[in-house]
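**Q** Protein chains in written order, with our numbering: chain A, -6 to 232; chain B, 232 to 344.
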Amino acid sequence: MTQSSRASTVAMLPTTENFQSAVVSRLHDISEDWGSDIDAFKNVPWGKAMMWIFLVSDTFIFTCFLTSYMTVRISTTVPWPIPSEVFALTIAGHHIPLILIAIMTFILISSSGTMAMAVNFGYRRDRAKTAILMIITGMFGATFVGMQAFEWTKLIVEEGVRPWGNPMGAAQFGSTFFMVTGFHGLHVSIGVIYLSTVAWKVWRGHYEHTNYEIVEIAGLYWHFVDLVWVFIFAFFYLW
Amino acid sequence: MEHVEGQQHPIGLYLKVWLLLFVLSTFSYLVDYFGFHGYLRWTLIIVFMLLKAGFIVAIFMHMAWEKLALMCAILLPPLALLVLIGLMAVEGDYTYVIRALFFGAGSVPVEHL
Chain A
-6 MTQSSRASTV AMLPTTENFQ SAVVSRLHDI SEDWGSDIDA FKNVPWGKAM
44 MWIFLVSDTF IFTCFLTSYM TVRISTTVPW PIPSEVFALT IAGHHIPLIL
94 IAIMTFILIS SSGTMAMAVN FGYRRDRAKT AILMIITGMF GATFVGMQAF
144 EWTKLIVEEG VRPWGNPMGA AQFGSTFFMV TGFHGLHVSI GVIYLSTVAW
194 KVWRGHYEHT NYEIVEIAGL YWHFVDLVWV FIFAFFYLW
Chain B
232 MEHVEGQQHP IGLYLKVWLL LFVLSTFSYL VDYFGFHGYL RWTLIIVFML
282 LKAGFIVAIF MHMAWEKLAL MCAILLPPLA LLVLIGLMAV EGDYTYVIRA
332 LFFGAGSVPV EHL
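(1) What residues of chain B sit near Lys35 (chain A), judged by a beta carbon separation below 7 Å?
(2) For Gly28 (chain A), does the three-state DSSP call read helix, strand or coil?
(3) What number of angstroms, rounded off, separates the C-alpha of Leu275 (chain B) from the C-alpha of Lys283 (chain B)?
(4) Of the choices A:Val37, A:Ile75, A:His87, whose alpha-carbon is the least far from that of Met161 (chain A)?
(5) Do Phe279 (chain B) and Val248 (chain B) come within 8 Å of each other at the CB atom, strictly closer than that value?
(6) Per DSSP, which one or two residues make a beta bridge with Arg155 (chain A)?
(7) Terminal residues of the continuous alpha helix (DSSP H) containing His216 (chain A)?
(8) In whole angstroms, what separates the C-alpha of Val154 (chain A) from that of Phe166 (chain A)?
(9) I want to verify the contact list: residues of chain A whose CB lies under 7 Å from the CB of Val288 (chain B), in sequence order.
(10) Can you find a CB in chain A that lies within less than 8 Å of the CB of Ala320 (chain B)?
(11) Less than 8 Å between the CB atoms is what I'm expecting for Ile100 (chain A) and Phe133 (chain A), so what's the real figure, rounded?
(12) What residue does the beta strand (DSSP E) around Glu82 (chain A) start on, and which one ends it?
(13) Inspect the beta-carbon positions of Val138 (chain A) and Val181 (chain A) and report whether they are closer than 8 Å.
(14) Using only alpha-carbon positions, find the residue among B:Ala320, B:Phe265, B:Ser256 that is nearest to Val65 (chain A).
(15) So that I know if they touch, is there some Cβ in chain B lying closer than 8 Å to that of Val49 (chain A)?
(16) Between Ile149 (chain A) and the rest of its own chain, which residues show a CB-CB distance below 6 Å, the 5 nearest in sequence each way excluded?
(17) Note down the Cα distance separating Tyr214 (chain A) from Phe12 (chain A), rounded to an integer number of angstroms.
(18) Determine the contact status of Met110 (chain A) and Tyr245 (chain B), defining contact as a CB-CB distance below 8 Å.
(19) Going along chain B, which residues have a C-beta under 9 Å from His216 (chain A)?
(20) When we look at the beta-carbon of Met232 (chain B) and count the other beta-carbons within 10 Å, is it buried (16 or more) or exposed?
(21) Indicate whether Val185 (chain A) and Gly131 (chain A) have their beta-carbon atoms separated by less than 8 Å.
(22) Decide if Gly243 (chain B) is buried, meaning its Cβ has at least 16 other Cβ atoms within 10 Å, or exposed.
(23) As a quick exercise: from A:Asp219, A:Trp145, A:Val191, pick the residue whose alpha carbon is nearest that of Ile125 (chain A).
(24) State the DSSP-derived secondary structure class of His87 (chain A), mapped to helix, strand or coil.
(25) Is there a Cβ from chain B that is less than 8 Å from the Cβ of Glu209 (chain A)?
(26) Determine, for Ser29 (chain A), whether the minimum Cβ-Cβ distance to residues of chain B falls below 8 Å.
(27) Give the single residue among A:Thr70, A:Phe58, A:Glu144 whose Cα lies nearest to the Cα of Leu332 (chain B).
(28) Less than 8 Å between the CB atoms is what I'm expecting for Val112 (chain A) and Leu301 (chain B), so what's the real figure, rounded?
(29) Step through the CB atoms of chain A and report whether any lies within less than 8 Å of the CB of Ala284 (chain B).
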């Protein structure tokens, strides 16, 4: 829309005939003002800013889940199943509390370490090392999801935990557990696919014309998944 | 050589933080293993949790080197969630007291059967 035609549209009162064009013109004004080539975040690749904004919204979703978990756990008068016993494993005759969750935690932290190294090698334009480290990160992630599948199977088949009840205590245990860890597991699974895709493209030299900030952006997502696990570990398993 | 805008930091720093995260995770696991209870348990759990979260965000996610404009845009909005958590803690406690009054604490309320 040209400057003169917009000025005349705005000057006119929004009668029935030109109401639509007036609305379009006002909306156009907003998008022009907000998108007037002002960089709020200087020297930050736009993809990175967008990933951060996505992660903030994800923070709100996970906090809502954990808060609803906290609310039902505080408000129930039925004893809550004791996590350190529910998630205990017997390995070689030894009954070790919470051991599976501890191993899962270490696996996720290991994957964060390899991801940080991948970002570093990305900026050094070392394609082979970047891709290999990202694939290792993805394999740690896949292992994590595999162990989670094992944990879910054990709870559902052996312990009889259901979203609507369980033999160990408060009925809300199952629903909050499956919701919180399921949503986190979904994030890890999507992360594995995301990292594999980016790793393949790095290997192929798809990003040679860039500064490899794509590796850092993918890394942000992955570290966030680890970050969420830190809170789930503390509030769900250690409470 | 073109100008590199990205975040580049010595690998040694990542390795140190990585090791630190392992140690902190072990500590949080040991809190459960040794069966600490009450305020001591919660203080330890929350301190280790916040330290881990802080190191991941600051070092691995490079927040420590970002400009203040980005830091504020990312870190300030989640503070609103503290209000939600506080409100729901009070609300959950209230519900618990009402349920205990009606059903008797420790008994199994009808909706749980």
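Idealized CB from N, CA, C, for every residue including glycine.
**A** Reading it off the structure:
(1) Lys298
(2) coil
(3) 12 Å
(4) Of the listed residues, the one whose Cα sits closest to Met161 (chain A) is A:Ile75.
(5) Taking the C-beta atoms as reference points, Phe279 (chain B) is found no nearer than 8 Å to Val248 (chain B).
(6) A:Gly158
(7) 206 to 225
(8) Our two residues, Val154 (chain A) and Phe166 (chain A), have alpha carbons roughly 8 Å apart in a direct line.
(9) Leu220
(10) Yes, its Cβ sits closer than 8 Å to a Cβ of chain A.
(11) 5 Å
(12) Inspection of the sequence shows that residue 82 (chain A) is occupied by Leu rather than by Glu. From DSSP, the beta strand (DSSP E) with Leu82 (chain A) extends over 82 to 84.
(13) yes
(14) B:Ala320
(15) Proximity of Val49 (chain A) to chain B, defined by a Cβ-Cβ separation below 8 Å, is satisfied.
(16) none
(17) In a straight line, the C-alpha of Tyr214 (chain A) is about 44 Å away from that of Phe12 (chain A).
(18) yes
(19) For His216 (chain A), the residues of chain B that pass the 9 Å Cβ criterion are Ile287, Val288, Phe291, Met292, in the order they occur in the chain.
(20) Because Met232 (chain B) sits at a pLDDT of 34, beneath the cut-off of 50, its placement in the model cannot be relied upon, and the point is left open.
(21) yes
(22) exposed
(23) A:Val191
(24) strand
(25) yes
(26) no
(27) Looking at the Cα atoms, A:Thr70 is the closest of the given residues.
(28) About 17 Å separates the two Cβ atoms, so there is no contact after all.
(29) yes
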